[in-house]
Each structure stands twice: as C-alpha cells, then as structure tokens.
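Student:
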Amino acid sequence: MKFTDLNLSEDIQSAVVAAGFEQPSPIQELTIPLALEGKDVIGQAQTGTGKTAAFGLPTLDKIHTEENTIQALVIAPTRELAVQSQEELFRFGRDKGVKVRSVYGGSSIEKQIKALRSGAHIVVGTPGRLLDLIKRKALKLNNIETLILDEADEMLNMGFLEDIEAIISRVPEERQTLLFSATMPDAIKRIGVQFMKDPEHVKIKAKELTNVNVDQYFIRVKEQEKFDTMTRLMDVDQPELSIVFGRTKRRVDELTRGLKLRGFRAEGIHGDLDQNKRLRIIRDFKNGQIDILVATDVAARGLDISGVTHVYNYDIPQDPESYVHRIGRTGRAGQSGQSITFVSPNEMGYLGIIENLTKKRMKGLKPPTAQEAFQSKKKVALKKIERDFADEAIHANFDKFKDDAVKLAQEFTPEELALYILSLTVQDPETMPEVEIAREKPLPFKPSGGGFGGKGGKGGRGNRGRDNNRRGGYRGDRNRDDRDGGRRDFKRKSKNNSRDFENRGNKRPHRASSEKKNGFVIRNKGDK
Ligand code: ADP
Ligand code: MG
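Number 68 in the numbering used here belongs to position 78 of the sequence shown; there are no gaps in the numbering.
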C-alpha cells in the first residue's frame, strides 16, 4: 500500500513524501482510513511503529486552517513525547499551514499561554499542564473536534488517569476520539467504553523480532562483578553511543556516578528527574555530548534516538517485552547494533523466557579481563596520539610549549617522555576508582527452560536443550582493531538520522489480554 491510497489531502501527502516515508506502516494503513471516516479508533501497536503519524495525518487532514481555533488536542505522558509529537505534527502540517503547539510542566506557563494566544490549531500537552491551562482559561476546548490520547498505557502507568478523565470531560462530546497505546490493560479498555463511541480497535501484532538487526549477547556474571565487567566490556567494545538500562532509579543514579568516575561521558534519566533536565540530557545524547545514556525502562520508552550502537542491560528485565523494547533502541535504520545482557547465575532462567519471545538465542560472552580492557585502552590511546599528530590544528597549539619542550627533551629520553604521556592517557586498572553499586534484589528464581506465562501457544521452546554457547564463545572480533578507535576521544561520525520504524522494539509490561474482546472489534492485520 502507498500513502497515495489513503485519501489524504494533497498538502499532507506532499509532506509525507518530503519526510521520506515510502509506505504506511501497518498501524497507519489500518487506522488512517478509519480516522478519516470520522470513527473513534483505538490503535494498538508496539513502540516505533509510527503511531504518531497514524493519528497525526488524519487529524491534520481535518484541520481548517482558516479558522483560528484549537481543533485538536493531543494528551501525551511526558514532555519529551509531547515535544516529539509536536515536532512530527508540525512537520506534516507545515505545507498546509497548521499551527501546532506543545505545553508541558516544568516550563514557564506564561510563555505557553502567550504561544497559545498567538494561535494554535493543534495542542499537544501533558495532562497536568493541560489542566492548569484549562483552569486558567488559557486553553479553549469548545472547538475541539479531535481528541487524542497518545501512549495511553504509559499515561496510566504514570498515574494520570484522573487528570485525563478531567480533561476529557471538558472536551465537547461531539468529537472524534483516538486512543493509541502499545498495550491494552483493562483500565484503557474502560476509557474506551466510557469516553469513546463504538471505537474500532485495531491491533497490530508485535512484529516477529527476528528481523531486529541486533547481535544479542549475554554475560553470566555475579552481581558484585557486574559493574567492573561492564566497564571492561565498554573499554574493549568502545561503543560509539550506548544506553545502559538499570532496573531502578537508584540503580540508574549509581551507575551514572560510577561510569563518570571511570571517565565515561554518561548521564542518567529516570522519572524523578525534572523534565527540563531529562530533556537536556536526551538532547545532549542525541548531539553526541554524552556517549552513554543510563536509563530506566520508563524513562527511555518511546524516545526516538538514532545511532545507538550498544545496549547494555545491566539488569536483565523481568518482563520479556521490556527486553525487546530495550534492544530496539539499537540496530535501527539498517545499522547493526549489539546488546549485552548481564545475568546473575540465579537469573539465568529469564534468558530462556526472553528468547522464547524473541525467537532468537543470545550468545554467551566471556567477560573480558582487566588485562584485556587495559590492552584495548592502550590501543585507543596510541591511535589517538597518532591521529592527534596528524591533526594540523593540534600542531598550532604546540608553539606555546616550544621552549619547555626543548628543555624536557634535554632532560629525558624520548622513551621516558612517551611512558609519561601514556601513563597519563591510559587509566591503569590497578588504580581505577572502585565503584560500589548497591545490591539490588535479584529477580525471583526461575528455573531455566520455563515457558513464558503470558500468552499461550507461543511456545515451541519446552525441551530445547541447553545451548553449547551458554558459557563461552568469545566473540571473534573482540579485539578487532579496524574499528574507529578512540571513539570516545574523537569527534563522533555524523549520526545517521534516517528514520526507521521497523526495527524498533516492543513496548513494555502488561501483556494485554488481547484475546478478550471486551466489546471491541479487534482487528488484526491480515484479518482485513
Ligand atoms: P510510536 O509512537 O509508535 O512509538 P513514532 O510515531 O514515534 O512511533 O514513529 C517512530 C519513527 O518512525 C519516527 O521517527 C517516525 O518519523 C518514523 N515513521 C513513522 N511512520 C513511518 C513511515 N510510514 N515510514 C517511515 N518512517 C516512519
Ligand atoms: Mg508514540
């Protein structure tokens, strides 16, 4: 199917083409026609499948730009997601002249009120701020024709149910309501029943995950050795841009501190951070100011970040869908990626559960030794020296030291000077700062081989024998040297900005008990 088959108006279509979208994603293909017909729609599809455009395009299509009123309201869980949606809507509505504003907490409300006054056709906002604006009468709802709940499950997880209900009750009843979510817990179905008119429920089954372009590894390691193992691995792998997932907020804080202590450019995000800070960190990560983003599942969810080469699961996720979602942060847009999951001996059973969902085995990886990490770091340093010497700009700086350098050269041998430089540049494993990461309760023991309890009939795992790979298998390219050494020290290659949606992962907890129909039409792709 092509976008031209969708009956979208000319100016929207041209924007879609300009964005480089070639064909609609499954959720778009199924929901856009329904939304264009004016139906209420519940759209369920995993993260990264293009839900924004799924509601965005038909909504933009309906906007009357000649009327200076707010005609559509999008409720989104976080500031980041609100901004992301606003940007996407703006991009597609620009040709048509649609004004899209975003509003969210943690930022000057006066400025947002001003922006709204200057004109808005679509407003995207977080629940709390929307309510504030409504109460201040700065946000007029009486002309709203389309109401959108985006990432509805996430909003519920964040405890926004009451706020959302309060907002919905103020929007004119004569309206179209669209609800998009990765999972469909009962509370969301209830919203559907209460606030929507005969909603059509479109559900896109989670994609087979086998086409995910990610090499998946695991390392069996004791809890106390995890951190050292991870930083050694980072020294060896020299990831260009990586995300480390931790199970809890405290974990994220501790890991971030530890990584910084060991010289990595890392920052952490989690729900307790104020929105401004989170947004700034994500921006820095996208710009390459930060190499490692440490995050909880919730904080990293839904974020569209390209160019991530490595995902480290410091803690194995309890829920296999989170795993898929996590590793979906890398290996995107046709690039390859790697994921490394650290598993304590007690948690080995969870590997099988995850593999059962991904239908792909993780390869066992031997933890690198301190010596190997040291060797890698040396190599990186040597490369850096070589490159720096090739760099004219750096030579320009040399002049200032000329006299001192001549003196030093008389006093010491070249070898002594080189030794000194290297000892300064390469962190010695012996003197590496100790990092203590507080023990986190391990996941409850799961015997390996246990099937995944969520969905029946997905099995096929049962008595599969243990994998020879389980314990060993050193990755062949471990010390491969042809990679872009010294990534941490040199300017990063320009990041690939191309968009993708296919390779992105899945969303998180609560496997929707999707088989229960609860009065909705459930349409799977292919049922059509
Ligand atoms: P979701 O809300 O389902 O998590 P998004 O709407 O954020 O997903 O889309 C993920 C990425 O895919 C975005 O960068 C978006 O621009 C891109 N995208 C969406 N639809 C298409 C399409 N039909 N073709 C190519 N890229 C798309
Ligand atoms: Mg989304």
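Ideal Cβ positions, reconstructed from N, Cα and C, are used throughout, including at glycine.
Which stretch, first to last residue, makes up the beta strand (DSSP E) that contains residue 566?
Tutor: With the chain covering -9 to 518 only, the question about residue 566 has no answer from this structure.
Student: Distance check for residue 227 and residue 413, CA to CA, integer angstroms please.
Tutor: For the purposes of this step, residue 413 is taken as residue 423 along the sequence shown, with counting starting at 1. For the purposes of this step, residue 227 is taken as residue 237 along the sequence shown, with counting starting at 1. One C-alpha to the other measures close to 21 angstroms.
Student: Mapping DSSP to helix, strand and coil, what is residue 177?
Tutor: Here residue 177 refers to the residue found at position 187 when the sequence shown is read from its first residue. In the structure shown, residue 177 sits in a helix (DSSP, three-state: H, G or I).
Student: Less than 7 angstroms between C-beta atoms, sequence neighbours within five positions excluded: which residues of the same chain meet that for residue 419?
Tutor: One-based indexing of the sequence shown puts residue 419 at position 429. 360, 363 and 364.
Student: Sorry if obvious, but does the Cβ on residue 80 come closer than 8 angstroms to a heavy atom of ligand 2?
Tutor: In the sequence shown, the residue the question calls residue 80 occupies position 90. Checking the Cβ of residue 80 against ligand 2 gives no.
Student: So if DSSP puts residue 207 in a beta bridge, which residue, or which two residues, is it bridged to?
Tutor: Locating residue 207 in the sequence shown gives position 217, counting from the first residue. For residue 207, which the question treats as bridged, DSSP gives the partners 330 and 353.
Student: Could you name the residues of the same chain whose beta carbon sits closer than 7 angstroms to that of residue 109, not counting the 5 residues immediately before and after it, in chain order?
Tutor: As a first step, residue 109 is located in the sequence shown; it is residue number 119 there, counting from the start. The residues are 58 and 89.
Student: In whole angstroms, what separates the C-alpha of residue 274 from that of residue 281?
Tutor: Locating residue 274 in the sequence shown gives position 284, counting from the first residue. Locating residue 281 in the sequence shown gives position 291, counting from the first residue. Taking the straight line from one Cα to the other gives about 9 angstroms.
Student: Which partner residues of residue 232 appear in the DSSP bridge assignment?
Tutor: Counted from its first residue, the sequence shown places residue 232 at position 242. Residue 232 pairs with 282 and 300.
Student: In angstroms with no decimal places, state the Cα-to-Cα distance between residue 390 and residue 382.
Tutor: As a first step, residue 390 must be located in the sequence shown, where it is residue number 400. As a first step, residue 382 must be located in the sequence shown, where it is residue number 392. Each residue's alpha carbon lies about 15 angstroms from the other.
Student: Going residue by residue through the stretch 25 to 62, where are the continuous alpha helix (DSSP H) segments of at least 4 residues, counting only ones entirely within it?
Tutor: Runs found: 41 to 52.
Student: Starting from residue 171 and walking both ways along the alpha helix (DSSP H), at which residues does that stretch end?
Tutor: Residue numbering aside, residue 171 sits at position 181 when the sequence shown is read from its first letter. Unbroken run through residue 171 is the beta strand (DSSP E), 166 to 171; no alpha helix (DSSP H).
Student: With residue 276 and residue 259 assumed to form a contact (beta carbons below 8 angstroms), what rounded beta-carbon distance in angstroms separates them?
Tutor: Residue mapping note: residue 276 aligns to position 286 of the sequence shown, counting from 1. Residue mapping note: residue 259 aligns to position 269 of the sequence shown, counting from 1. The pair is not a contact, with the Cβ atoms about 12 angstroms apart (cut-off 8 angstroms).
Student: DSSP puts residue 4 in a beta bridge; with which residues?
Tutor: As a working mapping, residue 4 is identified with position 14 in the sequence shown. According to DSSP, residue 4 bridges with nothing at all.
Student: Use the C-beta contact count for residue 371: other C-beta atoms within 10 angstroms, 16 or more gives buried, fewer gives exposed.
Tutor: Here residue 371 is taken as the residue at index 381 of the sequence shown, counted from 1. Counting Cβ neighbours within 10 Å, residue 371 comes out buried, since at least 16 surround it.
Student: Can you tell me whether residue 242 is helix, strand or coil according to DSSP?
Tutor: Here residue 242 is taken as the residue at index 252 of the sequence shown, counted from 1. DSSP places residue 242 in helix when its eight states are reduced to three.
Student: Rounded to a whole number of angstroms, what is the C-alpha to C-alpha distance between residue 520 and residue 8?
Tutor: Since the first residue shown for the chain is -9 and the last is 518, residue 520 is missing from the structure and cannot be characterised.
Student: From residue 211 to residue 166, what does the alpha carbon distance come to, in whole angstroms?
Tutor: The sequence position of residue 211 within the sequence shown is 221, counting from 1. The sequence position of residue 166 within the sequence shown is 176, counting from 1. For residue 211 and residue 166, the distance between alpha carbons rounds to 52 angstroms.
Student: Decide if residue 467 is buried, meaning its Cβ has at least 16 other Cβ atoms within 10 Å, or exposed.
Tutor: To locate residue 467, count along the sequence shown from 1; it is residue 477. Here residue 467 scores only 38 on pLDDT, less than 50, and its place in the model is too uncertain to base an answer on.
Student: Residue range of the alpha helix (DSSP H) that residue 107 falls in?
Tutor: As a working note, residue 107 is residue 117 in the sequence shown. 99 to 107 is the extent of the alpha helix (DSSP H) around residue 107.
Student: Can you tell me whether residue -6 is buried or exposed, with buried defined as 16 or more other CB within 10 angstroms of its CB?
Tutor: In the sequence shown, counting from the first residue as 1, residue -6 sits at position 4. Classification of residue -6: exposed, given that the 10 Å Cβ count is below 16.
Student: If we count the other Cβ atoms within 10 Å of its Cβ and call it buried at 16 or more, is residue 402 buried or exposed?
Tutor: In the sequence shown, the residue the question calls residue 402 occupies position 412. It counts as exposed.
Student: Helix, strand or coil for residue 289, going by three-state DSSP, please let me know.
Tutor: What you label residue 289 is simply residue 299 of the sequence shown in a count that begins at 1. DSSP places residue 289 in helix when its eight states are reduced to three.
Student: Under the assumption that residue 31 contacts residue 168 (Cβ atoms under 8 angstroms), give the Cβ distance between them as a whole number of angstroms.
Tutor: Walking along the sequence shown from the start, residue 31 turns up at place 41. Walking along the sequence shown from the start, residue 168 turns up at place 178. Sure, about 5 angstroms apart at Cβ, within 8 angstroms.
Student: Check whether the Cβ of residue 193 lies closer than 8 angstroms to any heavy atom of ligand 2, and answer yes or no.
Tutor: As a first step, residue 193 must be located in the sequence shown, where it is residue number 203. False, no ligand heavy atom lies under 8 angstroms from that Cβ.
Student: Looking only at its own chain, which residues have a Cβ that is under 8 angstroms from the Cβ of residue 357, when we skip the five neighbours before and after it?
Tutor: The residue you call residue 357 lines up with position 367 of the sequence shown. Closer than 8 angstroms at Cβ, skipping near neighbours: 209, 211, 215, 219, 222 and 223.
Student: For residue 236 and residue 333, what's the separation of their Cα atoms in angstroms?
Tutor: Indexing the sequence shown from 1 puts residue 236 at position 246. Indexing the sequence shown from 1 puts residue 333 at position 343. Cα-Cα distance, rounded: 12 angstroms.
Student: Within 8 angstroms: the Cβ of residue 141 and any heavy atom of ligand 2?
Tutor: As a position in the sequence shown, residue 141 is number 151, starting the count at 1. Checking every heavy atom of ligand 2 against the Cβ of residue 141, one is found closer than 8 angstroms.
Student: Does DSSP classify residue 93 as helix, strand or coil?
Tutor: In the sequence shown, counting from the first residue as 1, residue 93 sits at position 103. Residue state, collapsed to three classes: strand.
Student: Answer yes or no: the CB of residue -8 versus the heavy atoms of ligand 1, is any distance below 8 angstroms?
Tutor: As a working mapping, residue -8 is identified with position 2 in the sequence shown. No; taking the cut-off as 8 angstroms, the Cβ of residue -8 has no heavy atom of ligand 1 nearer than that.
Student: Kindly identify the DSSP beta-bridge partner or partners of residue 256.
Tutor: In the sequence shown, the residue the question calls residue 256 occupies position 266. Paired residue(s): 282.
Student: Can you tell me which of the three DSSP states residue 314 falls into?
Tutor: In the sequence shown, counting from the first residue as 1, residue 314 sits at position 324. Helix.
Student: Does ligand 1 have even one heavy atom less than 8 angstroms from the beta-carbon of residue 415?
Tutor: Here residue 415 refers to the residue found at position 425 of the sequence shown. Answer for residue 415: no, Cβ out of range of ligand 1.
Student: So what does DSSP say about residue 134, is it helix, strand or coil?
Tutor: Along the sequence shown, one-based indexing puts residue 134 at 144. Reduced to three states, the DSSP call for residue 134 is coil.
Student: What residue from 240, 233 and 266 has the CA that sits closest to residue 255's CA?
Tutor: If you number the sequence shown from 1, residue 255 lands on position 265. Measuring from the Cα of residue 255, the nearest candidate turns out to be 233.
Student: Mind checking whether residue 18 and residue 172 have CB atoms under 9 angstroms apart?
Tutor: In the sequence shown, the residue the question calls residue 18 occupies position 28. In the sequence shown, the residue the question calls residue 172 occupies position 182. Against a cut-off of 9 angstroms, the Cβ pair of residue 172 and residue 18 comes out as no contact.
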